[in-house]
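Mapping to the numbering used here: the sequence shown position 38 is 43, numbers consecutive. Even glycine gets a Cβ: it sits at the ideal position worked out from N, Cα and C.
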Amino acid sequence: MGRMSAQPCRTRIASLALLVWLVGVLSAAAQVERSAELAARAKDAMAAGRFEQAATIYEEILRAYPNEAGLHMNLGMARAMADQPGAALPALKRAVELDPSLVPAQLFLGTVYLDLEEPRSAVAPLEKVVGADPSNTQAVHALGEALLLLERFDEAAQRFEQLTDATPDSPRAWAGLGRSYEGDARRSFGELQEVTPDSPYVSLIVAEVLVADGKLPQAFTLYREAQAALPKLPGIHEAIADVYDEAGHADWAATERRRARETAPDCTRESAACAFLKEDFERTARLTTRPRTAEAWYWRTRALNQLARRAFARLERLPRSVELHAVRARVAQDQKRPLEAVKELRAALELAPNEPGLERELASALYLARDHQAMLPIAEKLLAKAPDAPDLLFLYGGALLETQQVDRAVPHLKRAVAADASLIEARAALGRAFMLKGDAAAAIPHLEAALSTDQDGSLYYQLAQAYQRTDRPAQARAALEKYQAIKRQVDQESGPGTSAPKITPP
6 MGRMSAQPCR
16 TRIASLALLV
26 WLVGVLSAAA
36 QVERSAELAA
46 RAKDAMAAGR
56 FEQAATIYEE
66 ILRAYPNEAG
76 LHMNLGMARA
86 MADQPGAALP
96 ALKRAVELDP
106 SLVPAQLFLG
116 TVYLDLEEPR
126 SAVAPLEKVV
136 GADPSNTQAV
146 HALGEALLLL
156 ERFDEAAQRF
166 EQLTDATPDS
176 PRAWAGLGRS
186 YEGDARRSFG
196 ELQEVTPDSP
206 YVSLIVAEVL
216 VADGKLPQAF
226 TLYREAQAAL
236 PKLPGIHEAI
246 ADVYDEAGHA
256 DWAATERRRA
266 RETAPDCTRE
276 SAACAFLKED
286 FERTARLTTR
296 PRTAEAWYWR
306 TRALNQLARR
316 AFARLERLPR
326 SVELHAVRAR
336 VAQDQKRPLE
346 AVKELRAALE
356 LAPNEPGLER
366 ELASALYLAR
376 DHQAMLPIAE
386 KLLAKAPDAP
396 DLLFLYGGAL
406 LETQQVDRAV
416 PHLKRAVAAD
426 ASLIEARAAL
436 GRAFMLKGDA
446 AAAIPHLEAA
456 LSTDQDGSLY
466 YQLAQAYQRT
476 DRPAQARAAL
486 EKYQAIKRQV
496 DQESGPGTSA
506 PKITPP
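Listed below in structure tokens is the structure:
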């Protein structure tokens with residue numbers, strides 16, 4: 006699933022309302038009756054939540070006093086709290102230019118950058134706020150979110166750990182910490198795959214994921230294969246014992262655990278394996294900060310995964326929250342259970358109505374669940390605010406295509422591809438749409454670009470048809486042969502003669 010969205014401007018910044026610094030005293034020259042009256046009206050409007058009105062008043066005062074940093078800050082705050090981050094940005098930037106010590110202006114500037122999906126720009130002002138006041142949990146959270154979006158996972162984890170210490174009952178703190186560890190684990194595993202793609206260490210990580218997904222026989226097979234390749238690696242006996250326990254074979258599990266004790270590693274010298282087996286996952290991660298071997302990447306990935314699970318388990322023990330449902334939805338998406346993800350995202354939206362990030366994730370989940378009629382109005386609403394977002398254009402165009410509205414689908418899919426040519430799913434959908442419109446020549450480059458995602462041969466089949474219709478018989482034959490090869494492989498893997506993996510005794 007893609008990442009968890011940062012809180013929207015209204016949700017995140019409204020919680021900062023108590024920090025609003027309404028400048029009540031202007032310079033001596035500014036204390037004229039008109040300015041005092043306007044300042045009082047603006048203050049009342051802010052307190053009453055009439056942020057647009059307050060912004061208009063601050064703009065009027067600023068015409069008389071253009072170099073008053075506090076007024077620029079108040080204008081930026083009003084625009085931000087009116088859910089206008091783009092309009093808030095110039096005022097907040099001007100405020101900190103005039104007076105860098107305005108901490109509330111730095112805080113709002115950082116959160117506005119987050120709302121504008123510019124996390125790199127958000128980091129500096131947020132670091133200034135946290136440096137000036139480490140106890141400012143709003144700033145610590147926003148900085149953690151920015152670092153997370155930049156995939157600076159280790160730094161993000163430090164900020165969210167700071168937040169869990171300060172606010173141990175905060176769902177967003179534990180969710181952020183879990184996401185940080187999870188992202189770091191994913192990157193570590195990617196590096197392991199890149200260095201040794203066929204390594205048994207890769208198989209062991211995959212087996213761990215299969216266990217979490219409840220696919221015990223498949224996990225057992227991978228564990229046994231890895232054990233044959235790495236007979237002295239600590240922890241494999243324990244992992245197999247856990248599979249036996251899950252499958253209801255307690256006696257087999259006992260045998261495997263006895264073998265684990267008999268082959269326990271020598272922990273007289275410090276090692277990542279020993280730290281992990283003692284469930285000191287933080288130490289395991291520290292010992293493998295700069296992995297150089299496949300085994301180091303393996304232990305680091307496992308430790309980070311365990312730290313993520315620990316954080317999410319703490320989140321589960323807290324009262325129901327938006328973050329809890331969002332995490333559950335992402336897990337369901339990862340496990341290819343889009344209907345369950347839809348359920349969790351709808352539950353999250355009950356607690357945070359109209360939250361754009363959650364609505365975006367719901368649109369994606371509904372698309373994967375093939376509930377296109379329910380998805381279309383959500384995508385329309387989101388596109389009204391972000392008309393050029395390539396992912397939304399793809400979701401909307403793809404849903405139109407799936408509901409046989411080809412002519413309406415094509416313009417949206419073309420815009421999605423023009424905005425982001427790396428959106429392979431959008432290119433596949435556009436190729437299919439052109440084929441349905443009878444424009445094989447236009448379909449070919451998009452179908453060709455999407456071939457790497459063809460799991461069942463359907464794209465190769467359509468490409469063969471497109472080549473045939475454009476008088477390219479040799480390429481048509483080659484594409485058709487590829488389609489047939491993929492189809493044979495799929496049939497072979499899912500056919501009645503295929504033996505399912507089994508869990509066998511020790």
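DSSP places K237 outside both helix and strand once states are collapsed to three, so it counts as coil. Under the 8 Å Cβ criterion, the segment 267-274 does not count as touching the segment 146-157, having fewer than three qualifying pairs. Pairing E65 with D104, the inter-Cα distance amounts to about 21 Å. Assignment of R493 by DSSP, reduced to helix, strand and coil, places it in the helix class. A buried status is given to Q311, since no fewer than 16 other beta-carbon atoms sit within 10 Å of its beta-carbon. With 16 or more other CB atoms across the displayed protein chains lying within 10 angstroms of its CB, G403 is buried. Within the segment 382-445, the complete alpha helix (DSSP H) segments of 4 residues or longer fall at 395-407, 411-424, 429-441, listed in chain order. Less than 9 Å separates the beta-carbon of L344 from that of A374. E328 places its beta carbon less than 9 Å from that of A180. Where P361 is concerned, the enclosing alpha helix (DSSP H) starts and stops at 361-373. Taking the C-beta atoms as reference points, R305 is found no nearer than 9 Å to A316. With contacts defined as CB atoms closer than 9 Å, T142 and L121 fail to qualify as a contacting pair. Short of 7 Å from the beta carbon of A313, and not among the five residues preceding or following it, lie these beta carbons of its own chain, in chain order: G183, Y186, E187, A190. Boundaries of the alpha helix (DSSP H) harbouring G183: 176-200, taken from the DSSP string. Judged by DSSP secondary structure, H254 falls outside any alpha helix (DSSP H); it is assigned neither H nor E. Taking the Cβ atoms as the reference, Y228 lies roughly 14 Å from A217, outside the contact range of under 8 Å. For E122, there is no enclosing alpha helix (DSSP H), as DSSP gives it neither H nor E. For Y70, the three-state secondary structure derived from DSSP is coil. In the structure shown, S208 falls within a helical segment according to DSSP collapsed to helix, strand and coil. Relative to the Cα of D396, the nearest Cα in the group R319, R420, H330 belongs to R420. Between A455 and R192, the alpha-carbon positions lie close to 25 Å from each other.
In the three-state scheme derived from DSSP, where H, G and I count as helix and E and B as strand, E156 is classed as coil. Within the same chain, Cβ atoms closer than 7 Å to the Cβ of L155 are found at P124, R125, the five residues on either side in sequence being excluded. Taken in chain order, the complete alpha helix (DSSP H) segments of 4 or more residues contained in the segment 312-352 are 327-339. When DSSP states are grouped into helix, strand and coil, G219 belongs to the coil group.
Judged by DSSP in its simplified three-state form, K507 adopts coil rather than helix or strand. Nearest Cα to R342 within the set L367, R477, E160: L367. For the pair R319 and A212, the Cα-to-Cα distance works out to about 24 Å. Across the structure, T458 and P109 are spaced so that their CA atoms are roughly 47 Å apart. Distance between A277 and T293, taken at the CA atoms: about 7 Å. D393 has its alpha-carbon roughly 25 Å from the corresponding atom of L97. Taking 8 Å as the upper bound for CB-CB distance, F225 and P506 are in contact here, some 7 Å apart. When secondary structure is reduced to three states using DSSP, P90 falls in the helix class. Counting along the chain, the unbroken alpha helix (DSSP H) around R291 starts and ends at 286-292.
Following the DSSP letters along the chain, one finds A469 inside the alpha helix (DSSP H) bounded by residues 463-474. With fewer than 16 other CB atoms across the displayed protein chains lying within 10 angstroms of its CB, T509 is exposed.
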